[in-house]
Each structure stands twice: as C-alpha cells, then as structure tokens.
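J.: My structure is below; once you've seen it, I'll send some questions.
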Amino acid sequence: MKTMKHMALLLFAALFTLSGPGASASADAGAQLSKRDIDKCYSCHEEKEDQHAKGAHANTNCLTCHSGADEHVKVAKSKDPVKRPSRPDSMACLSCHKNDSKRMNWKFAEHHKAGVECRDCHGMHTPKVNKRFDLALWRTDKNTQLCANCHQDVLARFNMRSHHPVKEGGLSCTSCHDTHGGKQTSLVAKTAQCTQCHQAVRGPHMFEHAPAAEDCGNCHNPHGTPNRKLLTLAEPALCLQCHSVAGNRHGQTTANANGLRISSTALRNCSSCHNAPHGSGIDQHLRF
Amino acid sequence: MNASKKLKVFVPCLTVLTAAIAQAHAEEQTGTLATTEVTVKVIGFDASGGPGAQVHGGATTWSDDRDSGLLADLDIDLKLGDSLVLERKGFGPDNHRGSLKGQAAGIGFNGYYSHLRSNGHAVDYTTRPGSADNPVDPAYFTEVGHTNSGFLSRFSDDSPEKVNYHVERTAYGLAIKFKPELLGKGSSFSLAFDGYSRDGNKFATWVAGNGDFVNGAVPAINPADPNDTHIRTPQRWRGYEKPVDEDMGRISWSLSLAPADLFQLAYDGGYEKFNHKARTILIGDFAGLLDNGVTVSPGSVDMPLHFIPDSTLTTHAVRIAKNFGDTALAAGYGMSRLKQDSYLDDVSAGFDAADRFVGKISTENAYLNVSHRVSPAVSVEGHLKYYSRDNDSSMEADGLDRDIRDEWGVRIANIESMNYGLSAMFRGLPAKSTLTVGWKREDSDRDLKYNPISAPTNIGVWPSVSLYTDSTVSDEVYLKWLARPMPGMTLRVTPSYTWANKTTLVTLPEKAFNLKTQLGYAMPNGMHLNAYYHFKDKENDNNSFADTAKPTNGPVVITNEYAQKADDTFHAAGFSLNLSPSETLTASLGLDWVQNDFDTYFFGTNRRRFETPIVFDPRGVSNFKVDTWSVSFNGEYQANERAKLSAGYTWSKSDGNLRTSGLQATGTPAESQNDKIYHTVHSLILGVDYALKKNTNLRVGYAFDKYEDKTYGDLSGDVHTLMLGLALKL
Chain A
1 MKTMKHMALL LFAALFTLSG PGASASADAG AQLSKRDIDK CYSCHEEKED QHAKGAHANT
61 NCLTCHSGAD EHVKVAKSKD PVKRPSRPDS MACLSCHKND SKRMNWKFAE HHKAGVECRD
121 CHGMHTPKVN KRFDLALWRT DKNTQLCANC HQDVLARFNM RSHHPVKEGG LSCTSCHDTH
181 GGKQTSLVAK TAQCTQCHQA VRGPHMFEHA PAAEDCGNCH NPHGTPNRKL LTLAEPALCL
241 QCHSVAGNRH GQTTANANGL RISSTALRNC SSCHNAPHGS GIDQHLRF
Chain B
289 MNASKKLKVF VPCLTVLTAA IAQAHAEEQT GTLATTEVTV KVIGFDASGG PGAQVHGGAT
349 TWSDDRDSGL LADLDIDLKL GDSLVLERKG FGPDNHRGSL KGQAAGIGFN GYYSHLRSNG
409 HAVDYTTRPG SADNPVDPAY FTEVGHTNSG FLSRFSDDSP EKVNYHVERT AYGLAIKFKP
469 ELLGKGSSFS LAFDGYSRDG NKFATWVAGN GDFVNGAVPA INPADPNDTH IRTPQRWRGY
529 EKPVDEDMGR ISWSLSLAPA DLFQLAYDGG YEKFNHKART ILIGDFAGLL DNGVTVSPGS
589 VDMPLHFIPD STLTTHAVRI AKNFGDTALA AGYGMSRLKQ DSYLDDVSAG FDAADRFVGK
649 ISTENAYLNV SHRVSPAVSV EGHLKYYSRD NDSSMEADGL DRDIRDEWGV RIANIESMNY
709 GLSAMFRGLP AKSTLTVGWK REDSDRDLKY NPISAPTNIG VWPSVSLYTD STVSDEVYLK
769 WLARPMPGMT LRVTPSYTWA NKTTLVTLPE KAFNLKTQLG YAMPNGMHLN AYYHFKDKEN
829 DNNSFADTAK PTNGPVVITN EYAQKADDTF HAAGFSLNLS PSETLTASLG LDWVQNDFDT
889 YFFGTNRRRF ETPIVFDPRG VSNFKVDTWS VSFNGEYQAN ERAKLSAGYT WSKSDGNLRT
949 SGLQATGTPA ESQNDKIYHT VHSLILGVDY ALKKNTNLRV GYAFDKYEDK TYGDLSGDVH
1009 TLMLGLALKL
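Residue numbers (this note's numbering), protein chains in the order written: chain A, 1 to 288; chain B, 289 to 1018.
Here it is in structure tokens:
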C-alpha cells in the first residue's frame, strides 16, 4: 500500500513537470461569420433565429459550434445541400467552456464514458425539452426532470415509501450528483457526500459505528427503499447480518442462556433501543 | 417572529420586488428579450388519518394547521435575456424555493433558497414502541429477575401526546464568479456561501442503564433479593421529544487557471461550521417522570442523551488536467479536517473540561487518470485513486463516569485504500457500437483497534467475535457495450463480475454478477420508448465468528468458527412510453418493478460480545423479499386554443416478507403481521390551464395523495389539495 502511495505521488510530480503546449479540441472558432452571413443561416433556419434569441448562445454565431457550416452555406442555394454541418460534440463545447473547474474532468466523467454529449442534456439553442412527460414530477426542479429522461430506474425508487424529497422538490439530483464528473475524479470521502447536509450524524463520535464511518451506503440507499429511513434492508435483518444477539440481554432470562426465542418487541426495530446508530458521544452500546 | 417565519414573509416580498425591478429594467433595454410570468395561487387542502401521505412537504397552513386550511402562494418566472433569471416556486409554507442568477461585465452571480418541512419523525412517533401496531411484550416483566431485559415489558412515552413532530429545513446560498473576461484568458475565481438551518423536534428513544435509576418501593416479586430491580426496570425504556435547532454555514472558493494555456489548474477550498444549538437533554430531566418512588441515580443525573457536537470542517483540493494531443491526464489531491468544537462538559456539569474527548478526523484523497487515443477506433485508459481516513481523536475521556473504555468495540484508527484499473474502448463496431473492456481492483487496509485488555480482566472485544476484518481485496471485470443500431435508438448492455479474496464487511461482495441493460428509442413519429432491466446477485461467506474464551490472566482461546453468509439478489425492470398521437394530445405510461431478495444467518450468543467465554449459536436464516411495483399514466390534451387539460396517476406498492424464523418468538405483534411489508401509495393529479386573455391564464389543479399501510395502520392517511392560480405574463 505504501509503495502504491509513493508511486502515485511520483506520477503527480511527473505530471506537474510536463509542460508541453496544451492541446484542446476546437471547433471552427476562428472562422467568424459576419452578421450578414448569420442572416444567411437564418434565412433558411428561421425557427433557430427565434430559439437563439431566447437562449444562452444568443450572441454566438453558427460557425462557432457547427463545423462545416461555411461549406454548407455555399451550397445551400442548391436547395438540396447534401453536406450538413456537424452537430457539436462535447469537445467542441469545451473549447469555449473549458475554463470552468467543474467541467475540467469531463474526459473522465461517467456521462462522457457512457457516450453522453453535452447536447443530450443542454439545449444548444434553447433550454432542453424533456422527453419524459410525468405529472408526478410537477414539484421537482428542471434538472431532476432532465435526469429522469434516462434514469427511469432511479426515478422509480422515489416512489418508494422512504425516499429523499426529490419528487417533492426539496432536493435536486444535482444536489448530490456531479453531472460533469465521476468517481474517478472525486476528492471527497464516501461519507462526505452525505454529511454535507447531514452534519449532525458525522460526529466526531467517541463511539463510532464502524460501517457508518466507512460508507453510508452500507446501510442506506439514498434514492428510496420500501423500508424506514432509507435502509437497504428492514430491521432486524439489516443489523443482524453483522451483529449477533446476546441472549442474556435480548432474551427473557438473566442467565447466560442461548437459544431462547426472542420476542419481536426486541427484534422489530433494533434502533428503538440502539437509537444512535451513527455513533455516540457517550454510550458504547449506541443507545443514545 | 422566528427566523423561519421571517423568511416565509420576506422571500415572497423580495421576489416580487426583484421581479418588478427587473421588468422595469427590461423595458429600458432595447433588444433585450424579457419574459415574466407571475402566478398567484390559492391552495386549499384537507388531510385525514396518519402522516404517511405527508412525509415531505405535507401541507400546513401559515398558522401551522395540518388537518385542513386555505393558503396563498406565488410562482415567479422571470428571464431578462441571459443576464438575469429569477424563479420562485411555492407550494405552501412547507415547500417553496427560489433562485436568482445572472451575469454582467464578466461577473456571474447566483443565489438560492429552499424551504421544506419533513414529517418523518411523526412517522417515528406513530410507530413508537407501545403503539397499537408496535406493542411491547409483558412477558419480559414476569420472568424472574428480569434485570437485563425486563425493560422491554413497558415503554414510557414522555413526549407530549400530540406533539406535531416535524423538522423544517431552510437552505440558502449566494455565489459570485469572476470570469475570464474580467481576470484574463483562462482564469476564473468564484466565492460562495451555502448554509442551512433546521428547526423542529423529533422523537427519540433511549434505554437507561441498570444503575441509572434507584430507589422505589419493592413490594411483591422478590423483596428479599437486594438486586431485585423490578420496580425500576420497566421504567428504563423511554421516548422523549428532542428539540432540533442547528445551522450550518460554509464558505467555499475556487480558483481556476490555465497558465499560458499549458494545462488547467483548479484550487478549491472550503470552511464549514456546524452548530448544534438545541439544549441537550439529560437523564436528570426525567426525574419527575418516574413513578413508584423511583429516582435517577445521582451519578447519572448529568448524563447527556443523544449528544451532538458542534464541528468545523476545512477542505482543500488541487486538480490539474492536461491534453497532449491524443493523450489526456487528470490528477488531483484533496484533504479535509473535521474537528469537534463542543464537548460533553459544555452541555453537562457532570464532565470535566480537563478530560475532554476531542474528536478529529482527517481524510486525504488523490487521483490520477490517463487516457490515450491509440487510433480513431481504439483508446485506452488507466485510473488510480487513493483514499485515507485517520481518526486522530483523543483516546482518553476520563471525565466519563462510566468505565466505558473497558467495553469499547471495534474502532477504525485508519483506513487506507487504493483503487486502480485499466480499460480499453473500441469504436466503430457493428451496429454503430462502442465496446469498453475493463478491469479494476480495490485494495484497502484498516488499522482496527480492539479493546486493550489489562490483566486480569476477561472483558474485551476480540477480532474473533467481530465480523469486521482489516482488509478488502477485490477485482472486477466489466464490459460496456453501447450501440446505436438505427436512428434514434440507443442500446446499452453492461455486465460485470466481482470477486474478492477478503472483505471487510459482509455487505461487500465476495462474488457478484451485475448486469445493466437499457434501451432508448426516439421514433420518427415523436414516440419515445425507454426500457431497462438490471440484475445483481451478490454473496459473501468470507467473514466468520468464533467461540472465544479469555480465562483470567490467561491467553485468548478460539475454538469453533461460524461463517456468516449473506446472499443478495436484486432485479429491476421497467419501461416508459411517451407518445403524441395527435398535435393536441400527449400521453405517457410507465411501469417499474424492483425486487430485493436477501438471505443471511442469524446468530445468537450466550452473553455480550465483550464478555467471555462467548459461544455463538446459529439460530436460523432470515429472508427479506420485497417487490415494489410502480405504475403511472399521464395525459395532456389541448382541448381548444384556450384550454389545456392534464391528468396523471401514479400507483406504487411494496409487498413482501421479512422472515426471522428461528430467532423471533411468536408474540406481539402477531408474527404474520410483523413479518409483512405491505404499503401502497396513490397519487392523482388533475389540471386545467385556461387562457382568459392573451397574457392571463387561469390554472386549476387538484391532487389526491393516499398512503395505506397494512403493517403500521396508523400511518395510513390521505390528503386532498386544490389549487387555483392566476398566471400573468407581464
């Protein structure tokens, strides 16, 4: 392990010393159309003119994003322009939007690896129109509605009894997820994502519950579950996969008995007695 | 007027004012497109039954009436070109939010707030021990002695009977960004403040220790026994109202540079302060609530319950990214320090500041990613990620009255993990597909601290009585196939297989097969189909218990081993179809199914795990198997130029069993009920949008939410909501 750590540090150092000229993807940014040329585009693409006027790219000319547009313009008069200008891929977008620390690792982002392009989420001309029509999302924010287009399996979990308030609009998918990054480029601990809102359970605790200190996902599914408190399994199964039950404290006698059946009063919710499952400042049994 | 109430009044006023100013500003601009829509809403609601249908953002009036009422709210949607966007959405005083963002002269700014009330702790109260659906077991009391578990015969609810348990969370933030137009090419700097406050109350339970309560008349059971605590014991299990009052403020900053356009460099930092302001309840607070002459032991009077420390978190991170033609690199390093700021002696006179436990947690993260395009058809990638967590907390806490250090369980002093892997992507394959083949490994080590036992005691937690182990070494191979076989169609198939020689926890897989598939098809006629199927089979029998003895002054003796086995199977499938059969009609339907099927052994022991000799007894096998179905229908119909109708219905049901055979007694509640998980959710939404004038729309909406629970019947409830809105496009 130590060797690996040293190797990593060496690689970091090597990276810093590499200072060759940076290369970045670029569209035809240098080929600036004049206002008259843009008007040429709009003379055919009238609807895009309206859309552009409303969008964030209102002052961006067509050639900045659509490579091959100049040739397209030349042959457009033929009424059958065979050569269509390309739609910008993510690298073309990043040629302008590169100076944002949130997008600098797009190359290694989960979405990028899954073949998702910027245009799949961002409308180039106007805000993206959602493909999914679902009135149950009437209180959610626009980002969540956009995510729901593809992540139907996750959306289904918000219909479960216990769920984070995403459908209710209290949270957005982007409250937790970095859409332009991924696990490979994350610099936070597994628990840090959750404790940026749930500070009250992060401690530091004198008595930690070790699985909780490692990864909230050991016990919780953040999207939704049929169990209480986002638990991946109902109690007591969740607890008893790791813990044994001491008969002399959960059974009905004071003897060091083992093998007696235990009432569901004790088993139904372990947390009814062990009410500090994330850790305690004072009790080693995590009761309070 | 408390902070929350002030916010409720202030924010709508501020948003209306901002909208008016922005509109006036827009009118002065030439060539700037401004749109403003303000919707004034009146909302009426009527709720009945339990809190199950109102867990998040359930309706209440401005005067806090939860059953029924009438209230007003406001939606604002303002856009001033690209320079200013203001939005507010209001669904009543329990659920509203707003945002403002804009840019000018190389400076971008944004702000937001959101307010949500959660009634989750009302659910906890409804299902408290001793309630109709969760009764206690009097049999615990009638056993002779009953000193150890007799407290389970009775639950004492010390909270006001009709406490309206809820927590209101208000989040807010402001950020300003100085863009390259201002700082020069490739440079930007942002400064942000984020915060929240949480107010309310929650239902908390606790169990007093055997010596926390003293005295009390000792009539019948065994008065000759000086250890007979039967008067005191049934009073030990209690519930109370725990106040919630906390806030968090975080200042973060980010600097991004591209020196001479050679590489991108980013530095992110943050300083976060969390304050727990509510009073900590002490055991002594319950003195007046005990009966039959029982009192709180003088040594326990100052014992705090559910202590939450204030804390400070500082973070720093540096990241760089660089492209060398076909090669891209990204590297980063981050660290955090979490420090405890308030202590037991701050909340209780029973503790000494000189003997504080001071909590400190440090983490370090680093990554290195390299990708290289070998040819237009092939690219390769490697990644390496490092993580460490150090618990630097002080190990001494002499101020604690109990000799708790002798009973400590497993403590993680340090975790160090390395994840690394390689992958190759092949493009231009048949069906316009790409295929990624990859392998990755997780290698983690822990420095686990077990209780240091000093002779001659035989008390302590030994590695042999814990399923926790100090390392995980697992490998995973995977394929990712993405195809676009025809225009508009996307097919993804992602199988993976994981195997591990060592697993720290049984929740980690020793063997796992995972398959994800997804089909998306945007048809030329405007229909859009999405379908998926996920499967995961995970099992682990790597970790084991062992019978352990520790004779006084003797060595630890380990005998029989018992392997735990956890087997978890997961299915999820669904589809959705969006269609527009005509220009005036849009419809969608969706179906989802999720199944969790989990088996594990239940183990009993003859005594607590820090006592020896301890003997394990495999008691049986649990089976948790629950299916959740979800169906939704939605439709929107443009009846004429003025009227648009919409309707949606969502139904969800979770149905399954939690079997604890071998361990659980038949008793209270009935086993058949206790084993069952069965609840349904219905949600119906109807809406009309009618254009009264060119710029004025009347909007009427009706929503009906119903929750039914057959296990915890008192949770069942429903709520009707009627909304009337007038939308004005200014």
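Glycine included, every Cβ here is placed at the ideal spot set by N, Cα and C. Since the model is a prediction, treat every value here as computed from it, not as a measurement.
Does Pro1021(B) pass the burial test, meaning 16 or more other C-beta atoms within 10 Å, or should it be called exposed?
T.: For residue 1021(B) there is no data in the structure shown, the boundaries of chain B being 289 and 1018.
J.: Where does the unbroken beta strand (DSSP E) through Lys610(B) begin, and where does it stop?
T.: In the second sequence, residue 610(B) corresponds to position 322, counting from 1. Run containing Lys610(B): Ser599 to Phe612, per the beta strand (DSSP E) assignment.
J.: Pairing CB atoms from the region 99 to 118 of chain A with CB atoms from the region 894 to 903 of chain B, are three or more of them under 8 Å?
T.: no
J.: Going along the region 909 to 933 of chain B in order, which residues come within less than 8 Å of chain A, judged by CB to CB distance?
T.: Within the region 909 to 933 of chain B, Ser910, Phe912, Val914, Thr916, Ser918, Ser920, Asn922 and Glu924 place their CB atoms closer than 8 Å to a CB of chain A, listed in sequence order.
J.: Which residue's Cα is closest to the Cα of Leu672(B): Leu617(B), Gly716(B), Ala641(B) and Leu1010(B)?
T.: Locating residue 672(B) in the second sequence gives position 384, where the first residue counts as 1. When only C-alpha atoms are compared, the closest one is Leu617(B).
J.: Expressed to the nearest angstrom, what Euclidean distance is found between the alpha-carbon atoms of Leu710(B) and Thr724(B)?
T.: Here the question's residue 710(B) lines up with position 422 in the second sequence. Here the question's residue 724(B) lines up with position 436 in the second sequence. Straight across, the Cα-Cα distance linking Leu710(B) with Thr724(B) is about 10 Å.
J.: Is Ile395(B) buried or exposed, if buried means 16 or more other CB atoms sit within 10 Å of its CB?
T.: Your numbering for residue 395(B) matches position 107 in the second sequence. Label assigned to Ile395(B): exposed.
J.: State the DSSP-derived secondary structure class of Ile331(B), mapped to helix, strand or coil.
T.: Counting from one through the second sequence, the residue named residue 331(B) turns up at place 43. Here Ile331(B) sits in strand by DSSP.
J.: Ends of the alpha helix (DSSP H) at Ser90(A)?
T.: If you number the first sequence from 1, residue 90(A) lands on position 90. Where Ser90(A) is concerned, the enclosing alpha helix (DSSP H) stretches over Ser90 to Leu94.
J.: Is Thr265(A) helix, strand or coil by DSSP?
T.: For this step, residue 265(A) is matched to residue 265 along the first sequence. Three-state DSSP puts Thr265(A) in a helix.
J.: For Ala619(B), count neighbouring C-beta atoms within 10 Å of its own C-beta (all shown protein chains included) and say buried if the count is 16 or more, exposed if not.
T.: Residue mapping note: residue 619(B) aligns to position 331 of the second sequence, counting from 1. When all chains shown are included, Ala619(B) counts as buried.
J.: Grouping DSSP H, G and I as helix and E and B as strand, with all else coil, what is Thr836(B)?
T.: Residue 836(B) sits at position 548 when you count from the first residue of the second sequence. DSSP places Thr836(B) in strand when its eight states are reduced to three.
J.: Where does Glu469(B) land, buried or exposed, given buried means 16+ other C-beta within 10 angstroms?
T.: Position 181 of the second sequence, counted from the first residue, corresponds to residue 469(B). Exposed is the call here.
J.: Does the distance from the CB of Asn884(B) to the CB of Phe912(B) come in under 8 Å?
T.: Mapped onto the second sequence, residue 884(B) falls at position 596. Mapped onto the second sequence, residue 912(B) falls at position 624. Yes, the Cβ-Cβ distance between Asn884(B) and Phe912(B) is below 8 Å.
J.: Answer yes or no: do Ser478(B) and Ala463(B) have a C-beta to C-beta separation smaller than 8 Å?
T.: Counting from 1 along the second sequence, the entry for residue 478(B) is found at position 190. Counting from 1 along the second sequence, the entry for residue 463(B) is found at position 175. Contact: yes.
J.: Give every residue of the same chain whose Cβ lies closer than 7 Å to the Cβ of Gly572(B), excluding the five residues on either side of it in the sequence, and list them in chain order.
T.: The count along the second sequence starts at 1 and reaches residue 572(B) at position 284. Excluding residues within five positions, the ones whose Cβ falls inside 7 Å are Val584, Val589 and Asp590.
J.: Starting from the beta carbon of Asp425(B), find every residue of chain A whose beta carbon is closer than 9 Å, and list them in chain order.
T.: Counting from one through the second sequence, the residue named residue 425(B) turns up at place 137. Here the neighbours are Gln252, Ser263, Ser264, Thr265 and Ala266.
J.: Could you give the distance in angstroms between the alpha-carbon of Glu71(A) and the alpha-carbon of Thr60(A)?
T.: Position 71 of the first sequence holds residue 71(A). Position 60 of the first sequence holds residue 60(A). Whole-angstrom Cα-Cα distance: 19 Å.
J.: Between Tyr453(B), Leu578(B) and Gly399(B), which has its C-alpha nearest Tyr413(B)'s C-alpha?
T.: The residue you call residue 413(B) lines up with position 125 of the second sequence. When only C-alpha atoms are compared, the closest one is Tyr453(B).
J.: Consult DSSP for Pro522(B) and reduce its assignment to one of helix, strand or coil.
T.: In the second sequence, the residue the question calls residue 522(B) occupies position 234. Pro522(B): helix per DSSP, three-state reduction.
J.: Return yes when the Cβ of Val976(B) is within less than 8 Å of the Cβ of Ala931(B), no when it is not.
T.: By 1-based counting over the second sequence, the position of residue 931(B) is 643. By 1-based counting over the second sequence, the position of residue 976(B) is 688. Result yes, Cβ atoms of Ala931(B) and Val976(B) sit closer than 8 Å.
J.: Tell me, please, whether the region 841 to 849 of chain B touches the region 805 to 818 of chain B by the rule of three or more beta-carbon pairs shorter than 8 Å.
T.: no
J.: How is Ser43(A) classed by DSSP in three states: helix, strand or coil?
T.: For the purposes of this step, residue 43(A) is taken as the residue at position 43 of the first sequence. In the structure shown, Ser43(A) sits in a helix (DSSP, three-state: H, G or I).
J.: Give a yes or no on whether 8 Å exceeds the smallest Cβ distance from Asn143(A) to chain B.
T.: Residue mapping note: residue 143(A) aligns to position 143 of the first sequence, counting from 1. Not an interface residue.
J.: Anything in chain E within Cβ reach of Pro381(B), meaning under 8 Å, just list it in chain order.
T.: In the structure shown, chain E cannot be found, because the protein chains are A and B.
J.: Under 8 Å, Cβ to Cβ, is there at least one residue of chain A near Arg699(B)?
T.: Numbered from its first residue, the second sequence carries residue 699(B) at position 411. Yes, contact with chain A.
J.: Counting along the chain, where does the beta strand (DSSP E) carrying Asp731(B) start and finish?
T.: What you label residue 731(B) is simply residue 443 of the second sequence in a count that begins at 1. Ser721 to Lys737 is the extent of the beta strand (DSSP E) around Asp731(B).
J.: Secondary structure at Gly1024(B), three-state DSSP: helix, strand or coil?
T.: Summary: the structure shown does not reach residue 1024(B), with chain B confined to residues 289 through 1018, and so no result is reported for it.
J.: Measuring CB atoms only, is the region 802 to 816 of chain B touching the region 219 to 226 of chain A, in the sense that at least three cross pairs come out at less than 8 Å?
T.: The answer is no - the region 219 to 226 of chain A does not touch the region 802 to 816 of chain B, with fewer than three Cβ pairs under 8 Å.
J.: Of the residues that make up the region 755 to 775 of chain B, which ones have a beta carbon closer than 7 Å to any beta carbon in chain A?
T.: Leu755, Tyr756 and Leu770
J.: Would you check if the distance between the CB atom of Arg249(A) and the CB atom of Ser437(B) is smaller than 8 Å?
T.: As a working note, residue 249(A) is residue 249 in the first sequence. As a working note, residue 437(B) is residue 149 in the second sequence. In this structure, Ser437(B) lies closer than 8 Å to Arg249(A) by Cβ.
J.: Using a threshold of 8 Å, state whether the C-beta atoms of Tyr428(B) and Ser441(B) are closer than that.
T.: Residue mapping note: residue 428(B) aligns to position 140 of the second sequence, counting from 1. Residue mapping note: residue 441(B) aligns to position 153 of the second sequence, counting from 1. Going by C-beta atoms, Tyr428(B) is nearer than 8 Å to Ser441(B).
J.: Going along the chain, which residues of its own chain have a beta-carbon closer than 6 Å to the beta-carbon of Ser940(B), five neighbours each way excluded?
T.: By 1-based counting over the second sequence, the position of residue 940(B) is 652. Contacts found: Ser918 and Val969.
J.: According to DSSP, simplified to helix, strand and coil, what is Lys107(A)?
T.: Mapped onto the first sequence, residue 107(A) falls at position 107. Helix at Lys107(A).
J.: Just verifying my parser: in three-state terms, what is the DSSP assignment at Asp412(B)?
T.: Locating residue 412(B) in the second sequence gives position 124, where the first residue counts as 1. Three-state result, Asp412(B): helix.
J.: With 8 Å as the threshold, decide whether the Cβ of Ser95(A) is near any Cβ in chain B.
T.: Within the first sequence, numbered from 1, the residue matching residue 95(A) stands at position 95. Output row for Ser95(A): interface = no.
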